[in-house]
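Chains as they are written, first to last, in my numbering: chain A, 6 to 171; chain B, 6 to 171.
Protein chains: 2
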Amino acid sequence: MRAGIERVAARMPSMPGNDVLLVRLLMMSGNTVADELENLLRPHGLNESEFRTLVILFSSPNGSAFPSELCQFATQKPTNMTRITNDLVERGLITRMPSEQDRRRVVLSITEQGRQFARRLLPILFPSVSALLTGFTDKEKGELGRLLTKLVHNLDNLLETRGAPT
Amino acid sequence: MRAGIERVAARMPSMPGNDVLLVRLLMMSGNTVADELENLLRPHGLNESEFRTLVILFSSPNGSAFPSELCQFATQKPTNMTRITNDLVERGLITRMPSEQDRRRVVLSITEQGRQFARRLLPILFPSVSALLTGFTDKEKGELGRLLTKLVHNLDNLLETRGAPT
DNA sequence: TAGATTTTATTCATTGATGAATTATTTTTT
DNA sequence: AAAAAATAATTCATCAATGAATAAAATCTA
């Protein structure tokens, strides 16, 4: 990868080569971690977005939420959230009920079975997370978190500057 | 996000909460950057994998490669590489020719039109890359690079320990 | 050298996610 | 209160990517 970027940089003198390299590295590492998580989840019949949605409900104080809320927290589009929750309902991990206050809405609630599933599944994932950060000192973890947070902040500004449709 | 992870941690005493937070942050930032890149490329009729493939050919010394090589450098599966290169061929950015040395193979070569396209497109993307790293000192960039590289290294070990099919 | 094995690229069926259009309901405006 | 606008969730058509199966050629092996 480094070699490729250096070759491009050689042809594009104005290119901020190191920055490009860094951004590629970020995309690559994030993506590889996500793939790895998918692989861990697959044997349990969930993909990453379904898992994330379930965990959001599991962690929510009253165990329920509206689809639009889940979209926000899980960064998913409504279309996909419909698919995700269909799937979770079919597996008996959540329920879908019409809201009484607002009849356009739907209330999604985690079931006891869903809670058990989450409590069983989460610890299975922890070792991989720890393995990923093997050899990192607390200071390094803190630094990585700080730098990524800073970067996300820049990203927010970038997105807001242009496409802010609000 | 932090709140959600803290809520889960409260229910899962054994959970390495900070590590999970850090890994989520990594996935999230990588993914958001990738989405942003997709948005920048869309008006030019390319998605990220097509762009990456084209740039690999652009940066290769002789401007050509076999599909299997491109798969490796662009981290794509052969199936998708067929689709990608079909698309690039249709747009006249690359050519596809049978190899004479090994008749199973196919030689993909960037065209002059493809080179022009790359030279025009790349500078359009640089400002965003720079914006992403606004406020980062050289030292911070170096540190972020070092930490991500370390993490990728852990990932490699993790993948190798288990699923190593070689 | 003949037959088995591995490699290379492709096609096909399926999964996951998205945008645009649709339906039902609520909120705002007049 | 009636009409218009906004909001919520869903369906439908489509795109991007994957794994499994296939076909063709090269390489290994006996």
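Cβ coordinates follow ideal geometry from the N, Cα and C atoms, glycine included.
Quick caveat: nothing in here was measured; it's all calculated off a predicted structure.
Residue range of the unbroken beta strand (DSSP E) whose run includes residue i
{"i": "T100 of chain B", "result": "99-103"}
{"i": "S114 of chain B", "result": "111-115"}
C-beta neighbour in chain A for residue i, strict 7 Å
{"i": "R12 of chain B", "result": "yes"}
{"i": "P170 of chain B", "result": "With a pLDDT of only 40 at P170 of chain B, under the threshold of 50, the placement of this residue in the model should not be trusted, and no figure is reported."}
{"i": "T100 of chain B", "result": "no"}
{"i": "K146 of chain B", "result": "yes"}
{"i": "D24 of chain B", "result": "yes"}
{"i": "S114 of chain B", "result": "no"}
{"i": "A136 of chain B", "result": "yes"}
{"i": "P21 of chain B", "result": "yes"}
{"i": "S104 of chain B", "result": "no"}
{"i": "A79 of chain B", "result": "no"}
{"i": "S54 of chain B", "result": "no"}
{"i": "N159 of chain B", "result": "yes"}
Rounded straight-line distance, which links the Cα of residue j to that of residue i
{"i": "L127 of chain A", "j": "R151 of chain B", "result": "29 Å"}
{"i": "D24 of chain B", "j": "L42 of chain B", "result": "27 Å"}
{"i": "K155 of chain A", "j": "L156 of chain B", "result": "18 Å"}
{"i": "S34 of chain B", "j": "R109 of chain A", "result": "33 Å"}
{"i": "T166 of chain A", "j": "N159 of chain A", "result": "10 Å"}
{"i": "P132 of chain B", "j": "M17 of chain A", "result": "14 Å"}
{"i": "L30 of chain A", "j": "S64 of chain B", "result": "18 Å"}
{"i": "C76 of chain B", "j": "I99 of chain B", "result": "16 Å"}
{"i": "T5 of chain A", "j": "A70 of chain A", "result": "Residue 5 of chain A is absent from the model: chain A starts at 6 and stops at 171."}
{"i": "M20 of chain B", "j": "G68 of chain B", "result": "49 Å"}
{"i": "V13 of chain A", "j": "R57 of chain B", "result": "11 Å"}
Delimiting residues of the alpha helix (DSSP H) encompassing residue i
{"i": "L77 of chain B", "result": "At residue 77 of chain B the sequence reads Gln, which differs from the Leu that was named. First-last of the alpha helix (DSSP H) with Q77 of chain B: 72-79."}
{"i": "F63 of chain A", "result": "53-64"}
{"i": "M33 of chain B", "result": "22-46"}
{"i": "L153 of chain B", "result": "143-166"}
{"i": "M17 of chain B", "result": "Note, M17 of chain B: premise wrong, no alpha helix (DSSP H); not H, not E."}
Cutoff 7 Å: residue i Cβ touching any chain B Cβ
{"i": "N85 of chain A", "result": "no"}
Supposed contact pair residue j and residue i - C-beta distance, whole angstroms, cut 8 Å
{"i": "L130 of chain B", "j": "L45 of chain B", "result": "6 Å"}
{"i": "P72 of chain A", "j": "V111 of chain A", "result": "6 Å"}
{"i": "D107 of chain A", "j": "E55 of chain A", "result": "Contact doesn't hold; Cβ gap of about 26 Å is too wide."}
{"i": "L59 of chain A", "j": "G119 of chain A", "result": "6 Å"}
{"i": "L62 of chain A", "j": "L113 of chain A", "result": "7 Å"}
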